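One structure is given below, encoded as structure tokens.
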């Protein structure tokens, strides 16, 4: 049983923050990962910075730009994950784009990811219909693939993506790119969640647009977990001190998950 399975078997509502490595400053990644675990994160999603992140809104695009300027590449990411794994068992999922993975080499990428301690992968621009080779190699390495479903996905497509996803499905709450939204939920979202529930045999989490405690609670009514990305990234804009980044992230995640703020340190 791998780390993702262990968490899913706990049968609780999941909280999954997203970070961009080495954003907003060099050296922040490991302390930030540790703070997210301490704040109660069940899994952590980490972006692979890319020069043309088509699924990401301006907030995460900017964080990718900063990360690339700070020298982030796959070798650096795997090194950071390996260091994190010395003390923590929280599942780590990478989110990236197919070009950067293929440039590394698909089998080499998955081998290095697994060796460093990465548990799974989301490829934002790889349709499931074109993912057979990724799935095959991932199965060889017991590596988890998480595929995306959107409100525009048909019932049949939701069924197929559920079958192809290894452990769980990622539901994009709205059509469009990542980013904070003032409103979350509504009739369209609820109808989408009903269709996912009816057609997915796997657990499913919801991301895109979740930025408030009330959003988290609403999403948990319908799904097995929530992903919070842009809202966390935005909290860290312009912060140059690592300890301050850690404090901000810990308190923000703690508040979103638990509805309270408990000062760290």
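Residue numbers (the numbering used here): 778 to 1042.
Just so it is clear, CB atoms sit at the ideal spot from N, CA and C, and this is done for glycine as well.
Computed from a prediction, not measured in an experiment: that's the story for all the values here.
- Per the DSSP secondary-structure output, residue 946 pairs in a beta bridge with 981.
- Shown here, residue 970 sits in a helix according to DSSP, grouped into three states.
- Taking C-beta separations shorter than 8 Å and ignoring five residues to either side along the sequence, the partners of residue 919 in its chain run 779, 891, following chain order.
- Residue 1002 and residue 790 have their C-alpha atoms some 5 Å from each other.
- Secondary-structure assignment with DSSP links residue 794 through a beta bridge to 1005.
- The criterion of a C-beta distance shorter than 8 Å is not satisfied by residue 939 and residue 923.
- The Cβ-Cβ distance between residue 797 and residue 854 does not fall below 8 Å.
- When the Cα atoms are used, residue 869 and residue 965 turn out to be separated by approximately 30 Å.
- Look at residue 923 here: in three-state DSSP terms it is coil, with no helix or strand label.
- Counting only unbroken stretches of 4 or more residues, the alpha helix (DSSP H) elements lying wholly within the stretch 843-931 are 851-861, 875-881, 883-893, 909-917, in sequence order.
- Membership of residue 821 in the beta strand (DSSP E) is indicated by the continuous run 821-824.
- Rounded to whole angstroms, the gap between the alpha carbons of residue 928 and residue 975 is 14 Å.
- Per DSSP, reduced to three states, the secondary structure at residue 828 is coil, with no helix or strand assignment.
- Listed in chain order, the non-local C-beta contacts of residue 1036 below 6 Å within the same chain comprise 990, local neighbours out to five positions each way being set aside.
- Note that the stretch 877-888 does not touch the stretch 817-824; fewer than 3 beta-carbon pairs, one per stretch, sit closer than 8 Å.
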